[in-house]
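The listed protein sequences correspond, in order, to chains A and B. Each step along the first sequence adds one to the number in this note's numbering, with nothing skipped, and position 52 is 63. Each step along the second sequence adds one to the number in this note's numbering, with nothing skipped, and position 395 is 406. Structure first, then comments.
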Amino acid sequence: MARDERSSLRVHEPPTGGMRLPEDSALPARRGDDLRRFLPGVEPDRRLNDWGRSERVEKLVDQTLFDFFYHYWFRCEVEGIENVPATGGALLVSNHSGALPPDAPMIGKAIREEHPAPRPLNITVEHFFKGYPGFSMMLPKIGCVAAHPANVQRLLFDEQQLVLVFPEGRKGTAKLYKDRYKLQRFGRGGFVEAAMRGRVPIVPVCLVGAEEAAPIFAHVGLMQKLTGLSYFPITPSFPHLGLLGLLGYLPAKFKIRFLEPVYLDPPDESGAFAEEPWEDKALVQTVAHDVRARIQENVLEMVRTRKSVWFG
Amino acid sequence: MERRPAPSSRVLITGLATHWGGRLAQALEHEDGIEAIIGVDSRDPTLELERTEFVRVSTQHALLRRLVDAAEIDTVIDTRLVSDSTTTSPRNAHENNVIGTMNILAACSGPGSSVRKLVFKSSAHYYGTAQDDPGFFTEAMARPHPPSTPIERDIVEAEGAVAEFAERSGAAVSLLRCANVIGPDLRTAHSRLFDLPVLPTIFGFDPRYQFVHEDDVVGALRHATTRDMPGIYNVAADGVLALTEVAGLLGKTYVPLLPPVGTGLAALGLRRLGVRIPPEMLGQMRFGRGLDNRKLKAAGYEYRYTTREAVQKLAEYQRLHPILRNVQEPYRYERDVEEFLRWSPNVVDASIRGEGRLSPRQIVELRRLLEPYEEMAAFAREEENGAAPAAPAASRGGSEKAPVERYDDLRADEIVSLVGSLDRPALEALRAHEQGARARRTVLSAIDRALKRADASEAGR
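Below is the structure:
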């Protein structure tokens with residue numbers, strides 16, 4: 012049944028190592044607001060989905076470019092893949108770096124390669140890309156989605172998918188080599204709100220190696236203005252090797268660690284669930300801070316125990 | 012205050028000559044609950060209609076108000092909105108979309124208006140197209156930036172007027188925002204683009220497109236008319252396609268003819284070659300647009316076509332069209348023929364002539380039938396004046412009956428036209444009957460006015 016594939020009413024598997032254990036995380040965000048059974052069914056003849064993701068293009072890129080980078084260039088090493096839920100939605104939150112960040116596709120590839128039940132990962136990207144020719148065409152095809160709260164909500168809650176966000180955003184990718192592995196501010200906690208609204212757990216992800224693979228030494232403000240890019244970095248291969256130079260990563264060893272999921276809608280003393288926990292801004296900020304601290308802690312630990320940047 | 016409107020029975024369609032007005036009227040003609048369908052437009056209807064009455068009037072609110080009152084319209088369906096700027100000049104579009112809407116709303120509002128429901132066909136251009144759009148617009152979302160193209164400005168302004176109307180009057184307002192419509196009977200800027208031998212695109216962009224089949228737009232309008240579903244609804248088929256996917260379904264090659272910078276200038280160049288790409292369409296060809304159609308589905312509407320199927324239907328039409336061209340004569344509205352078919356007693360086929368309606372000729376006949384009552388009234392007057400009472404007892408006994416034969420079959424506007432010819436006692440009898448039967452406000456007030464006139468003339472004597 013084509014329709015079952017997209018069915019979003021899958022029951023959560025009881026979380027094993029989670030911090031908290033919600034009993035009815037399948038509840039709709041607001042009563043009377045659950046339109047999930049009206050989601051369009053999957054048309055089996057189509058090669059693209061409604062977000063513009065293309066089975067064919069994704070497979071092609073995955074089997075060539077990403078495969079090469081994952082296995083031979085970055086030689087990714089993955090820990091804690093079992094923390095990515097096999098069913099239901101989840102929000103993956105990771106640290107971020109690199110002018111044209113290599114971390115996002117590698118995390119997606121890790122889930123496809125190592126997870127017992129490989130699932131597609133939706134990577135949120137800035138709106139900026141939607142206005143830039145070429146990127147606008149390519150990115151949706153390989154599973155990137157504009158980082159709009161409504162998009163994240165639809166993917167997490169309605170479609171029960173995996174979504175990867177980088178709360179550091181542009182501040183993370185634009186930071187210079189000297190600031191490596193220092194996590195920037197985690198936005199305004201929007202990602203926590205998104206997970207709360209979607210009634211899904213947060214899976215923190217730590218990635219070590221991307222900072223050395225694509226170091227940025229400086230920014231050229233004038234060129235940024237002239238090109239209309241979000242920034243114009245100086246890296247080991249850009250700009251002197253042209254636009255493709257942005258893909259000229261150094262062969263650093265990648266280590267990816269998925270941390271235990273954080274379940275966000277805990278019952279109060281009487282056992283009832285908060286109706287709209289995202290309205291509690293203090294709670295949102297606290298959770299955002301905690302998640303950031305956990306990632307930072309683990310990243311530093313991974314850097315500390317790493318013997319070589321290039322060989323792990 | 013939530014008013015639960017009674018089901019629509021007396022319907023006014025504005026924009027009968029548009030494709031939507033005509034198609035909707037055709038659809039409603041088969042609806043048993045709909046008692047009367049009246050269509051107005053400044054042009055002749057383009058589709059063949061059976062029992063719909065056409066009144067040629069532009070959007071002048073005073074005239075429309077009289078129509079609404081006389082026919083006791085309870086539901087107004089506005090299908091006039093221009094959402095394709097290639098069909099008319101920006102000035103005409105503004106006149107139609109903003110001023111026209113304002114006039115129609117004015118005709119529906121005000122104290123004592125019989126309008127309980129308004130269905131307004133709007134367009135998804137309300138949302139616009141921008142870089143920071145969400146993947147799927149829901150009805151609750153506002154557009155992220157103020158409108159930049161004339162047609163979008165007009166639509167936003169028209170919707171504002173409708174929202175204000177919904178707030179002030181107690182009427183239930185259903186607003187349908189339709190995605191780009193395609194279908195065999197429809198020529199839009201998009202369908203003309205898809206008719207080209209190759210599909211021009213903007214270099215480096217592959218926008219997401221959602222369409223809706225024309226039958227589904229008519230179906231949704233009909234659904235909103237016959238159901239009680241106030242609120243805003245997106246009308247868009249299931250499935251969002253990439254433009255390259257659309258090209259594939261149509262069997263065309265896409266050529267990135269338009270450069271990503273200076274697209275507007277290139278579009279001007281294409282216009283010289285006869286390909287018209289309006290600015291709102293350029294936005295769609297760059298950023299695309301997706302709508303969340305689940306609210307309408309939750310309101311009980313079932314779409315007949317997905318976006319993909321709608322595009323396939325268009326492809327089928329494109330293959331057939333060169334063969335079938337000029338096979339069918341287009342319909343032309345001829346007032347005399349339409350009047351004959353509707354009113355002539357010589358039309359035998361009852362399915363053509365509506366049941367329970369009166370032609371002008373029948374009204375004359377009714378007047379003749381009314382004469383005994385006028386005689387009765389004369390007797391009564393004489394009685395009052397102290398003259399010898401000679402009224403026949405038999406005809407007196409009928410005073411609690413309706414003073415007009417087949418009265419209950421008459422419609423409000425027909426009764427109102429009769430009232431002027433009645434005398435005081437007949438009027439009083441009529442009033443008592445109407446009060447006891449259907450108590451239509453327009454009828455009662457018309458009788459009261461006639462009574463007042465009678466009083467005045469008596470006082471003058």
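Where is the CB? At the ideal position from N, CA and C, for every residue including glycine. Quick caveat: nothing in here was measured; it's all calculated off a predicted structure.
Please list the terminal residues of the continuous alpha helix (DSSP H) segment that includes G483 (chain B).
Because chain B spans 12 through 472 in this model, residue 483 (chain B) falls outside it and cannot be assessed.
Using the three-state DSSP reduction, which class does E34 (chain A) fall into: helix, strand or coil?
Taking the first sequence and counting its residues from 1, the one referred to as residue 34 (chain A) is at position 23. With a pLDDT of 35 at E34 (chain A), under the threshold of 50, the modelled position of this residue cannot be trusted; read the value that follows with caution. Of the three classes helix, strand and coil, the one that applies to E34 (chain A) here is coil, per DSSP.
If you drop the 5 nearest sequence neighbours on each side, which residues of the same chain put their C-beta closer than 6 Å to that of I306 (chain A)?
Taking the first residue of the first sequence as 1, we reach residue 306 (chain A) at position 295. So the list reads N106, P215 and C217, once near-sequence residues are dropped.
In the DSSP assignment, what are the bridge partners of S105 (chain A)?
Numbered from 1 along the first sequence, position 94 holds the residue referred to as residue 105 (chain A). Partner(s): A:V216.
In the structure shown, what three-state DSSP assignment does L187 (chain B) receive?
Reading the second sequence from its first residue, position 176 is the one you call residue 187 (chain B). Residue state, collapsed to three classes: strand.
Enumerate in chain order the residues of its own chain whose CB-to-CB distance from Q142 (chain B) is below 7 Å, with the five nearest sequence positions on each side excluded.
Taking the first residue of the second sequence as 1, we reach residue 142 (chain B) at position 131. Around Q142 (chain B): F298.
Chain A partners of G250 (chain B), CB-CB under 8 Å?
Your numbering for residue 250 (chain B) matches position 239 in the second sequence. Result: P51, E54, R57 and D61.
Taking CB distances under 8 Å as the criterion, tell me whether K308 (chain B) reaches chain A.
Here residue 308 (chain B) corresponds to residue number 297 of the second sequence, with the count starting at 1. So yes, K308 (chain B) belongs to the interface.
In terms of residues, what are the limits of the alpha helix (DSSP H) holding G201 (chain A)?
Locating residue 201 (chain A) in the first sequence gives position 190, counting from the first residue. Its alpha helix (DSSP H) spans residues G201 to G209.
Taking 8 Å as the threshold (beta carbon to beta carbon), is R315 (chain A) in contact with chain B?
Residue 315 (chain A) sits at position 304 when you count from the first residue of the first sequence. It does not: the Cβ of R315 (chain A) has no partner Cβ on chain B nearer than 8 Å.
Verify the CB distance criterion: does N162 (chain A) have a CB-CB separation below 8 Å to chain B?
In the first sequence, counting from the first residue as 1, residue 162 (chain A) sits at position 151. Chain B contact via Cβ: present.
Nonlocal neighbours in the same chain, by C-beta distance under 7 Å from V89 (chain A), ignoring five residues either side:
Translated into the one-based positions of the first sequence, residue 89 (chain A) becomes position 78. Hits under 7 Å: A121, E125 and I267.
Quick one: what's got a C-beta closer than 6 Å to T140 (chain B)'s C-beta in the same chain, skipping five residues either side?
Residue 140 (chain B) sits at position 129 when you count from the first residue of the second sequence. So the qualifying residues of the chain are G294, Q295, F298 and R300.
Within this structure, are the beta carbons of S428 (chain B) and T236 (chain B) separated by less than 8 Å?
On the second sequence, position 417 is the one that residue 428 (chain B) refers to. On the second sequence, position 225 is the one that residue 236 (chain B) refers to. No. Outside cutoff.
8 Å Cβ cut-off: residues of chain B touching H159 (chain A)
For this step, residue 159 (chain A) is matched to residue 148 along the first sequence. Within 8 Å Cβ-Cβ: D143, D144, P145 and G146.
Strictly by DSSP, which residues pair up with P244 (chain A)?
For the purposes of this step, residue 244 (chain A) is identified with residue 233 of the first sequence, where counting begins at 1. For P244 (chain A), which the question treats as bridged, DSSP gives the partners A:H230.
Which bits of chain A does D217 (chain B) rub up against, with CB to CB less than 9 Å?
For the purposes of this step, residue 217 (chain B) is taken as the residue at position 206 of the second sequence. Under the 9 Å cutoff, chain A gives G63, S147, M148, M149, P151 and K152.
Give me the chain A residues within the contact set of L214 (chain B), using Cβ-Cβ distance strictly less than 7 Å, ordered along the chain.
By 1-based counting over the second sequence, the position of residue 214 (chain B) is 203. According to the sequence as given, residue 214 (chain B) is Phe; it is not Leu. Residues of chain A passing the Cβ test: P144.
D459 (chain B) versus R452 (chain B): straight-line alpha-carbon distance, rounded:
Sequence index remark: in the second sequence, residue 459 (chain B) carries index 448 (1-based). Sequence index remark: in the second sequence, residue 452 (chain B) carries index 441 (1-based). Approximately 10 Å, taken between the alpha carbons.
Starting from the Cα of L424 (chain B), find the closest Cα among B:R77, B:S185, B:M113 and B:D165 and give me that residue.
Translated into the one-based positions of the second sequence, residue 424 (chain B) becomes position 413. Note that residue 424 (chain B) is Asp in the sequence shown here, rather than Leu. Nearest option by C-alpha distance: B:R77.
Could you pull out every residue in the same chain whose Cβ sits closer than 8 Å to the Cβ of Q329 (chain B), ignoring the five residues on either side in sequence?
If you number the second sequence from 1, residue 329 (chain B) lands on position 318. If we look at Q329 (chain B) and ignore the five residues flanking it on each side, its Cβ neighbours are F205, D206 and L261.
Does any residue of chain B have a CB that is nearer than 8 Å to the CB of V176 (chain A)?
The sequence position of residue 176 (chain A) within the first sequence is 165, counting from 1. Not one chain B Cβ lies under 8 Å of V176 (chain A).
Of the listed residues B:P161, B:V184, B:P290 and B:A118, nearest to G275 (chain B) (C-alpha basis):
Locating residue 275 (chain B) in the second sequence gives position 264, counting from the first residue. Ranking the options by Cα distance to G275 (chain B), first place goes to B:P290.
Nearest-angstrom Cα separation, counted from G99 (chain A) out to Y314 (chain B)
Looking up residue 314 (chain B) in the second sequence gives position 303. Looking up residue 99 (chain A) in the first sequence gives position 88. Using only the alpha carbons, I get a separation of about 28 Å.
Taking the alpha carbon of D144 (chain B) as the point to measure from, which residue in A:R181, A:A157, A:M148 and A:G145 has its own alpha carbon closest?
Residue numbering aside, residue 144 (chain B) sits at position 133 when the second sequence is read from its first letter. Minimum Cα distance to D144 (chain B) is reached at A:A157.
For I48 (chain B), which residues of its own chain have a beta-carbon under 6 Å away from its beta-carbon, when the five flanking residues on both sides are left out?
Numbered from its first residue, the second sequence carries residue 48 (chain B) at position 37. Closer than 6 Å at the Cβ level, and outside the excluded window around I48 (chain B), lie V22, A36, L39 and T63.
Cutting at 6 Å between CB atoms, please list the residues of its own chain near R154 (chain B), excluding the five before and the five after it.
Position 143 of the second sequence holds residue 154 (chain B). For R154 (chain B), where only same-chain residues beyond five positions count, the Cβ hits under 6 Å are Y138 and G139.
Mind checking who V93 (chain B) pairs with in its DSSP beta bridge?
Taking the second sequence and counting its residues from 1, the one referred to as residue 93 (chain B) is at position 82. DSSP lists no partner for V93 (chain B).
Burial state of G11 (chain A) (16 or more Cβ within 10 Å)
For residue 11 (chain A) there is no data in the structure shown, the boundaries of chain A being 12 and 323.
Is any beta-carbon of chain B found at less than 8 Å from that of L325 (chain A)?
This structure gives no information on residue 325 (chain A), because the portion of chain A shown stretches from 12 to 323.
At which residues does the alpha helix (DSSP H) containing D434 (chain B) begin and terminate?
By 1-based counting over the second sequence, the position of residue 434 (chain B) is 423. First-last for D434 (chain B): undefined, no H or E at that position.
Taking all protein chains shown into account, do 16 or more other C-beta atoms lie within 10 angstroms of the C-beta of Q221 (chain B), making it buried, or fewer, making it exposed?
Position 210 of the second sequence, counting from 1, holds the residue named residue 221 (chain B). Buried is the call here.
Inter-residue CB distance, T246 (chain A) and A97 (chain A) (contact presumed, cutoff 8 Å):
In the first sequence, residue 246 (chain A) corresponds to position 235, counting from 1. In the first sequence, residue 97 (chain A) corresponds to position 86, counting from 1. Incorrect: roughly 37 Å between the Cβ atoms, too far for contact.
Using only the alpha-carbon positions, how far apart do P241 (chain B) and R233 (chain B) sit?
Position 230 of the second sequence, counted from the start, is the residue given in the question as residue 241 (chain B). Position 222 of the second sequence, counted from the start, is the residue given in the question as residue 233 (chain B). Each residue's Cα considered, the two are about 14 Å apart.
Any C-beta of chain A sitting closer than 8 Å to the C-beta of P271 (chain B)?
Translated into positions along the second sequence, residue 271 (chain B) becomes position 260. Answer yes: the Cβ-Cβ gap between P271 (chain B) and chain A drops below 8 Å somewhere.
So, for E150 (chain B): in the same chain, excluding its five sequence neighbours on each side, which residues have a beta-carbon less than 8 Å away from its beta-carbon?
In the second sequence, the residue the question calls residue 150 (chain B) occupies position 139. Excluding positions up to five away in sequence, the list reads R188, G242, I243, Y244, N245, D303 and K306.
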